[in-house]
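Novice: Handing you a structure now.
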Amino acid sequence: MLDQYLDVNPEVAQAIAEGKPVVALESTIISHGMPYPQNVETALKVEQIIRDNGAIPATIAILKGRLKVGMTHEEIEYLGKTGLDVIKTSRRDIPFIVAKQADGATTVASTMILASMAGIKIFATGGIGGVHRGAQQTYDVSADLQELANTDVAVVCAGAKSILDIGLTLEYLETHGVPVVGYQTETLPAFYTRESEFGVDYQLDTPEQIATAMKAKWQMGLKGGMVVANPIPEAFAMDKAEIDQVIVDALTEMDAKGVGGKDSTPFLLAKVAEKTAGNSLKSNIQLVFNNAKLAAQIAKSYVS
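For the sequence shown, my numbering gives the first residue as -10, with consecutive numbering after it.
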């Protein structure tokens, strides 16, 4: 049934069939995360890092209505050039993008869904979505969190995006039984910074320990994903006080302009990049590289 919608790249399909390590990658970071050609260069570099660490990359998107798990360099180039004209696609959007034979860039939630369809268990990204600041009034909660509660994919990230209400995000994950693992850290990283005032559920210090926990969770039939929080490398971390003030200023501007819904995260990230003279984008790229490396190491251990 899935074959009429899903295209799994032959290299990726062979790796899955042979029990080799595969790491899923999202595509919103390509179309909406940074300008061309930097977006394509970054995407291809992330894929190369995964290969260098012994796994097969599977960048995921929807192209002309086809669910793509594992994209060619030409497809990544097309997505990068098309940029913001590609529809940012979460769970609710998938059937309509397919029906319209349109192009869709996958978020954390939709990447997890397509990865799971193909049988991929590990996914590397920048940061997960979560509960937005002021959600008590707006009810603005990312679909990423509900997907983590329901879909059996581990997400390697640099924690929750620091534009979010991290405390409420953790409360939501706890309520839905999603474990938050800190890789070699007992505090949750906050995307641009290595630490926050919040703790993780478990600190695990090796990729092997994380893979073992993943196996135990799913072999026992415990539904849902896992957050693997991997701190940004110290050399690229930003000053916490500085980034916190930048985010407050960006939130104020967002409210004044009436930006909300799926437009809020791209708006805030763009404003943070602008207000930090591009330093936040450099940090963002480096933390994605770091997460890709760890995800590949976990994937290798998971299939061994």
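Note that beta-carbon positions come from the ideal geometry of N, C-alpha and C, so glycine has one too.
What do you reckon, are the CB atoms on Ala91 and Leu276 nearer than 7 Å?
Specialist: The answer is no: Cβ separation not under 7 Å.
Novice: Taking the alpha-carbon of Ala281 as reference, which of Gly54, Thr48, Ser151, Gly267 has the nearest alpha-carbon?
Specialist: Looking at the Cα atoms, Thr48 is the closest of the given residues.
Novice: Alpha carbon to alpha carbon, how far is Pro222 from Met(-10)?
Specialist: Taking the straight line joining both Cα atoms gives about 43 Å.
Novice: Can you list, in chain order, the residues of its chain whose CB lies under 7 Å from that of Ile274, leaving out five sequence neighbours each side?
Specialist: Within the same chain, Ile274 has close Cβ partners Thr31.
Novice: According to DSSP, is His21 helix, strand or coil?
Specialist: It is coil, neither helix nor strand.
Novice: Using the beta-carbon count (16 or more within 10 Å), is Asp154 buried or exposed?
Specialist: Asp154 is buried by the Cβ-count criterion.
Novice: Report yes if the C-beta distance between Thr265 and Val235 is below 7 Å; otherwise report no.
Specialist: Their beta carbons are under 7 Å apart, which means Thr265 touches Val235 by this criterion.
Novice: What residue range does the alpha helix (DSSP H) around Leu159 cover?
Specialist: 155 to 164 is the span of the alpha helix (DSSP H), which, as asked, contains Leu159.
Novice: Quick check on Met215: buried or exposed, where buried means 16 or more other Cβ atoms within 10 Å of its Cβ?
Specialist: Met215 comes out buried.
Novice: Ends of the beta strand (DSSP E) at Gly171?
Specialist: Unbroken beta strand (DSSP E) run through Gly171: 169 to 172.
Novice: Does DSSP classify Arg80 as helix, strand or coil?
Specialist: Three-state DSSP puts Arg80 in a helix.
Novice: Along the chain, where does the beta strand (DSSP E) containing Gln192 start, and where does it finish?
Specialist: Its beta strand (DSSP E) spans residues 191 to 193.
Novice: Considering only residues of the same chain and omitting the five flanking positions on each side of Val11, which have a CB-CB separation below 7 Å?
Specialist: Closer than 7 Å at the Cβ level, and outside the excluded window around Val11, lie Val1, Ala4, Ile5, Ala44, Ile45, Ala47, Ile109, Ala288.
Novice: Secondary structure at Phe112, three-state DSSP: helix, strand or coil?
Specialist: Note: Phe112 maps to strand in three-state DSSP.
Novice: Taking Gly69 as part of the alpha helix (DSSP H), name the residues at either end of that continuous run.
Specialist: Per DSSP, Gly69 belongs to the alpha helix (DSSP H) from 62 to 71.
Novice: Using only the alpha-carbon positions, how far apart do Ser151 and Leu211 sit?
Specialist: If you take the alpha carbons of Ser151 and Leu211, they lie about 29 Å apart.
Novice: So Gly213 and Gly247 are supposed to be a Cβ contact under 8 Å. How far apart are they, rounded?
Specialist: In fact, because the Cβ distance is near 35 Å, the residues do not count as touching under 8 Å.
Novice: What's the C-alpha gap between Ile51 and Ala200?
Specialist: Taking the straight line joining both Cα atoms gives about 29 Å.
Novice: Pair every Cβ in the stretch 17 to 31 with every Cβ in the stretch 59 to 73, then say whether three or more of these pairs are closer than 8 Å.
Specialist: Touching, per the Cβ criterion.
Novice: Is it true that the CB of Phe112 sits closer than 7 Å to the CB of Ala13?
Specialist: Closer than 7 Å, so yes.
Novice: If contact is defined by three or more beta carbon pairs under 8 Å, each pair taking one atom from either stretch, is the stretch 91 to 100 in contact with the stretch 122 to 136?
Specialist: Yes, they touch.
Novice: Compare the Cα-Cα distances from Glu184 to each of Glu175, Asp41, Val170, Val142 and report the closest residue.
Specialist: Nearest option by C-alpha distance: Glu175.
Novice: Based on DSSP bridge pairs, tell me the residues matched to Val217.
Specialist: Beta-bridge pairing links Val217 to Val145, Val170.
Novice: Buried or exposed: Ala224, going by 16 or more other Cβ atoms within 10 Å of its Cβ?
Specialist: Result: exposed.
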